[in-house]
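One structure is given below, encoded as structure tokens.
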Amino acid sequence: MKIVGKDSPKIDGMAIATGRPVYTEDLAPKDALVIKILRSPHAFARIKSIDTSRAVALEGVECVFTYQDVPGIRFTLAGQSYPEPSPYDRLILDEIVRYVGDEVAIVAAVDERTALNALKRIKVQYEVLEPVLDLETAIDHPSIVHPEDNLHLNFDIGMEKERNIISYQKVEAGEEIEEALRQCDVVVEETVYTQAQSQAMMETFRAFSYLDHANRLVITSSTQVPFHVRRQIARAFNIPASRVRVIKPRIGGGFGAKQTGCCEVFSALVTLKTGKPSIIIYDRTETFNSSTSRHAMKMKVRLGADKEGMIRAYDLEVLSDGGAYGEHSSTTLGCVGEKTMSMYNKTKAVRFTGTAVYTNKQPGGAFRGYGATQGTMALETAVNKLAAELQMDPTEIRLKNLIEEGETSLVYNGKVIKSTTLKDCIRKGKELIGWDEKYPRQVLSNGKIRAVGMAVTQQGSGIAGIDTASAEIRLNDEGSYNLLLGSTDMGTGSDTILSQMAAEIMETTVDQIAVYAGDTDTSPYDPGSYASSTTYVTGMAVVQAAEELKEKILIQGARYMDRNPDEVEFNGQSVVTLDGKTSITLEKIAELNVLGSGRHQLVGNTTYGSPVSPPPYMVGFAEVEVDPQTGKVEPIDFVAVIDCGTVINPKLARIQAEGGLVQGIGMALYEEVRYDGKGRMHTNDFMQYKIPTRKDVGNIRVHFIESYEPTGPFGAKSIGEVVANTPAPAIAHAVFNATGFRVTELPITPEKVFLGQG
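Position 642 (the sequence shown) corresponds to 790 in our numbering; numbering is contiguous.
Now the structure itself:
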């Protein structure tokens, strides 16, 4: 391959570095009304009265809206393919507010200062209710977070809202789990808590809207899911989706936060009510308080094995904090089980039981790893504990038990794994970290302790049998190509790798491919960038569309030379007869195809969805230094060895891996969304919410061992999410090896280590 597998520069890299890309705010009309939101100071309350008269009377205020002014149609902001599994439990504005930061009123004014002044003039009387603030006491709490009778579900997710249960799931396979555990020689049990974590992307939430010449609503938004936002708006306002257009410009990061709609509905409301353009920009505090975070979870895991270390039984019970609204709760919960039940496939019995609950806190939502991150922390902590009980090297117990190519598992229903190099990844990681020399720990001359730990993980590549992506590639009149996509490049480089795939098929260079993406009017349908789907699902759509166009070019070139298609070949520049004596250039074919009657522009167009979701795999090895006098844990080295199938662009894949590892290290050691006893978030700015800097993560090394996934484009699988999953359990394992204290509640703070060490 000439293009795929090479370090092609990011097509927008220099533009981003020099500040040229156009983001949402840059495109907004200068006369757009500025929107500000009055937010609830209470975790749970009913609005008794709301007086907006003084705000409306303020010069420069265009309008003020309350729950009495909006449609009473419930919807979800989750960006998921239809029918959405998330409950329709939201209104644009509601009489009941369910967390500190929930929306109470919307103000639109000529400028920000006026809008902020208007907020101060709104008087609200609340009936304050007892909030539900602990996921462990949410079920059957006296307060019911969602008492309404018009909440809607597209299908049964096990909801019992009168008990504050959003979703209940149970999956069992193989033998009866309790009997299988009784037959095991060794059984370990652990209860693990993972915290809420903020996505902390650089660009906060923002959107603007206007009515176009045809009186259609146009929304420009920093979103990962433009097609899903269109559906959300259409439902919330009970208007045809054909009357809504959503445009995604450049995005300053998302990490899953922007897979959930956020502020678009408020801008749409103002524009639809006033007929004027409007813009809303969340400040950093609003982004922390009033969007979504990773779901906090409590996970009880039991793992059973025989004396030889063969894992025979796996039982996982999960309680997930969905927060005030149920976006992504059922699907994130399901992924905790789905991404952990199949990796160790020598089991005779597996069981997953999961419950997601409503609380009066910020809603949980999508975050890189999407349940697999939490599940990996629980499972890998248990595997490391099992290895210690059996006095086995943690690498060896995994080499005995991990699924291999050609094998299936109890939950795969006969499907087999077609690509994995995970065992080779473990061997390479051991070598790179110096495992045999360093395991389990070394006491330094200064009294500090160096130790190593490890974890493995898997993810998925798109959502099997559900999500589909479309791609279109056009031959322009001068011989270049336009590639039309509905996927979203959030800074990940997906536009670049998809261009590489198209260029490889068309036997041209990346600079001959112009990418157009993220406009619901002009882009072919794509669910958006989530679920690790872009490289695998959208990539295959690009490959098939390019192959279709290539075939059309060959047929048309043969026709112009009075030859049969089997007598010619296409080399990227020309269609040439097999004997090499006659040819016609691509430019000439392109020109002839748009001149005269009966001609047509050549286009390749494909919609693709996969019946499988092949897992990428990864092993993470952590080396840390622990100060027993203070409990401080300092990351020294982290080695990640990854199987993501064929690496389409090694440089961009490495950057993706490094970014995900840093987020995982942040989850392990530094980051936590915290609340006080009244449900007020304390970590709603970067002074209080600590994401790691470059100095806080130690050395990070990334290595790839490719497999070939036959169902993926050029053999590729995904990489975006899997890289966030191993740092927390690997670092926790290293801390245990250093101190004898097994961390079961994240983040791993100095206080916890100091008090817990043996």
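C-beta: ideal position from N, C-alpha, C; glycine also. All of these numbers come straight from a predicted model, not from anything done at the bench.
For residue 344: DSSP bridge partner residues: The residue given as residue 344 occupies position 196 in the sequence shown. Checking the DSSP bridge columns, you'll see residue 344 has no partner listed.
Can you give me the start and stop residues for the beta strand (DSSP E) that residue 502 sits inside? Working through the sequence shown from its first residue, we reach residue 502 at position 354. Its beta strand (DSSP E) spans residues 497 to 506.
When you compare only the Cα positions, how much space is there between residue 287 and residue 259? As a first step, residue 287 is located in the sequence shown; it is residue number 139 there, counting from the start. As a first step, residue 259 is located in the sequence shown; it is residue number 111 there, counting from the start. Here the C-alpha atom of residue 287 lies approximately 45 Å from the C-alpha atom of residue 259.
Under a Cβ-count criterion, where at least 16 other Cβ atoms within 10 Å of its own Cβ denotes burial, should residue 869 be classed as buried or exposed? One-based indexing of the sequence shown puts residue 869 at position 721. Result: buried.
CB of residue 409 within 9 Å of CB of residue 359, strictly: What you label residue 409 is simply residue 261 of the sequence shown in a count that begins at 1. What you label residue 359 is simply residue 211 of the sequence shown in a count that begins at 1. Result no, Cβ atoms of residue 409 and residue 359 do not sit closer than 9 Å.
Here's a check: name, in chain order, each residue in its chain whose Cβ is nearer than 6 Å to the Cβ of residue 497, leaving out the five neighbours to either side. Within the sequence shown, numbered from 1, the residue matching residue 497 stands at position 349. Excluding residues within five positions, the ones whose Cβ falls inside 6 Å are 322, 323, 325, 328, 461.
Could you name the residues that DSSP lists as bridge partners for residue 829? Position 681 of the sequence shown, counting from 1, holds the residue named residue 829. For residue 829, the beta-bridge partners assigned by DSSP are 823.
With three or more C-beta pairs closer than 8 Å as the rule, is the region 435 to 448 touching the region 393 to 403? In short, these stretches do not touch, since the Cβ pair count stays below three.
Counting Cβ pairs, one atom from each stretch, are 3 or more of them under 8 Å apart for the region 856 to 876 and the region 592 to 608? Segments in contact, yes.
Going by other Cβ atoms of all chains shown within 10 Å of its Cβ, with 16 needed for buried, is residue 766 buried or exposed? One-based indexing of the sequence shown puts residue 766 at position 618. Result: buried.
Do you know whose CA, among 530, 518, 473, 523, lies nearest residue 508's CA? Here residue 508 refers to the residue found at position 360 when the sequence shown is read from its first residue. Ranking 530, 518, 473, 523 by Cα distance to residue 508 puts 473 first.
Three-way DSSP call (helix, strand, coil) for residue 792 in this model: Here residue 792 refers to the residue found at position 644 of the sequence shown. In the structure shown, residue 792 sits in coil (DSSP, three-state: anything other than H, G, I, E or B).
Please confirm whether residue 384 and residue 451 have their CB atoms less than 9 Å apart. Position 236 of the sequence shown, counting from 1, holds the residue named residue 384. Position 303 of the sequence shown, counting from 1, holds the residue named residue 451. No. Outside cutoff.
Under the three-state DSSP convention, the category residue 247 falls into: The residue you call residue 247 lines up with position 99 of the sequence shown. When secondary structure is reduced to three states using DSSP, residue 247 falls in the coil class, being assigned neither helix nor strand.
If you drop the 5 nearest sequence neighbours on each side, which residues of the same chain put their C-beta closer than 6 Å to that of residue 429? For the purposes of this step, residue 429 is taken as the residue at position 281 of the sequence shown. The beta carbon of residue 429 is closer than 6 Å to those of 354 in its chain, skipping five residues each way along the sequence.
Using 8 Å as the Cβ pair cut-off and three pairs as the minimum, do the region 556 to 575 and the region 757 to 777 touch? Because the criterion of three Cβ pairs below 8 Å is met, the region 556 to 575 and the region 757 to 777 touch.
Note down the Cα distance separating residue 845 from residue 883, rounded to an integer number of angstroms. Stepping through the sequence shown from its first residue, residue 845 is reached at position 697. Stepping through the sequence shown from its first residue, residue 883 is reached at position 735. About 15 Å.
Which residue marks the beginning of the alpha helix (DSSP H) containing residue 575, and which one marks its end? Locating residue 575 in the sequence shown gives position 427, counting from the first residue. Element bounds for residue 575: 570 to 581.
Do residue 505 and residue 244 have their C-beta atoms within less than 9 Å of each other? In the sequence shown, counting from the first residue as 1, residue 505 sits at position 357. In the sequence shown, counting from the first residue as 1, residue 244 sits at position 96. Pairing residue 505 with residue 244 gives a Cβ-Cβ distance that is not under 9 Å.
At which residues does the alpha helix (DSSP H) containing residue 708 begin and terminate? Taking the first residue of the sequence shown as 1, we reach residue 708 at position 560. From DSSP, the alpha helix (DSSP H) with residue 708 extends over 687 to 708.
To the nearest angstrom, report how far apart residue 252 and residue 842 are at their CA atoms. Position 104 of the sequence shown, counting from 1, holds the residue named residue 252. Position 694 of the sequence shown, counting from 1, holds the residue named residue 842. Residue 252 and residue 842 have their C-alpha atoms spaced approximately 39 Å apart.
May I ask you to report which of helix, strand or coil DSSP gives residue 863? Looking up residue 863 in the sequence shown gives position 715. The answer is helix: DSSP assigns residue 863 an H, G or I state.
Would you mind stating whether residue 209 and residue 255 have Cβ atoms separated by less than 9 Å? Numbered from 1 along the sequence shown, position 61 holds the residue referred to as residue 209. Numbered from 1 along the sequence shown, position 107 holds the residue referred to as residue 255. Contact: yes.
Check residue 549 in the structure and name its three-state DSSP category. Locating residue 549 in the sequence shown gives position 401, counting from the first residue. Secondary structure of residue 549 (DSSP, three-state): helix.
Using 9 Å as the threshold, is the C-beta distance between residue 601 and residue 542 below it? As a first step, residue 601 must be located in the sequence shown, where it is residue number 453. As a first step, residue 542 must be located in the sequence shown, where it is residue number 394. Yes, the pair counts as a contact, with Cβ atoms nearer than the cut-off.
Which of the three DSSP states is assigned to residue 222 in this structure? Translated into the one-based positions of the sequence shown, residue 222 becomes position 74. In the three-state DSSP reduction, residue 222 falls in the coil class, being neither helix nor strand.
Can we say the region 511 to 521 touches the region 480 to 488, given the rule of at least three CB pairs closer than 8 Å? The count of Cβ pairs closer than 8 Å, one atom from the region 511 to 521 and one from the region 480 to 488, reaches three, so the stretches are in contact.
Per DSSP, cross-strand counterpart(s) of residue 783: Here residue 783 refers to the residue found at position 635 when the sequence shown is read from its first residue. According to DSSP, which records beta bridges pairwise, residue 783 is partnered with 772.
Rounded to the nearest angstrom, what separates residue 311 and residue 292 at their Cα positions? Position 163 of the sequence shown holds residue 311. Position 144 of the sequence shown holds residue 292. Those two C-alpha atoms are separated by around 7 Å.
Residue 594 (DSSP reduced to helix, strand or coil): Start at 1 with the first residue of the sequence shown, and residue 594 comes out as number 446. Residue 594: coil per DSSP, three-state reduction.
Quick one: measure Cβ to Cβ for residue 182 and residue 263, integer angstroms, because I've assumed they're closer than 8 Å. Start at 1 with the first residue of the sequence shown, and residue 182 comes out as number 34. Start at 1 with the first residue of the sequence shown, and residue 263 comes out as number 115. Separation of the CB atoms of residue 182 and residue 263 is rounded to 5 Å, and the pair is thereby assigned contact status at 8 Å.
What are the uninterrupted segments assigned as beta strand (DSSP E) that are 3 or more residues long and contained completely in the region 379 to 426, given in chain order? As for any beta strand (DSSP E) of minimum length 3 sitting wholly inside the region 379 to 426, the runs are 392 to 395, ordered along the chain.
Residue 527 in three-state terms, based on DSSP: By 1-based counting over the sequence shown, the position of residue 527 is 379. Helix.
Are residue 155 and residue 797 closer than 9 Å when you measure CB to CB? Translated into positions along the sequence shown, residue 155 becomes position 7. Translated into positions along the sequence shown, residue 797 becomes position 649. Closer than 9 Å, so yes.
Exposed or buried, which one is residue 175 when buried takes at least 16 other CB atoms within 10 Å? Position 27 of the sequence shown, counted from the first residue, corresponds to residue 175. It counts as exposed.
Just to confirm my understanding: we take residue 187, look at its own chain, exclude 5 residues before and 5 after, and list those with CB closer than 7 Å. What are they? Locating residue 187 in the sequence shown gives position 39, counting from the first residue. Once the five neighbours on either side are set aside, the close Cβ partners of residue 187 are 249, 250, 251, 252, 438.
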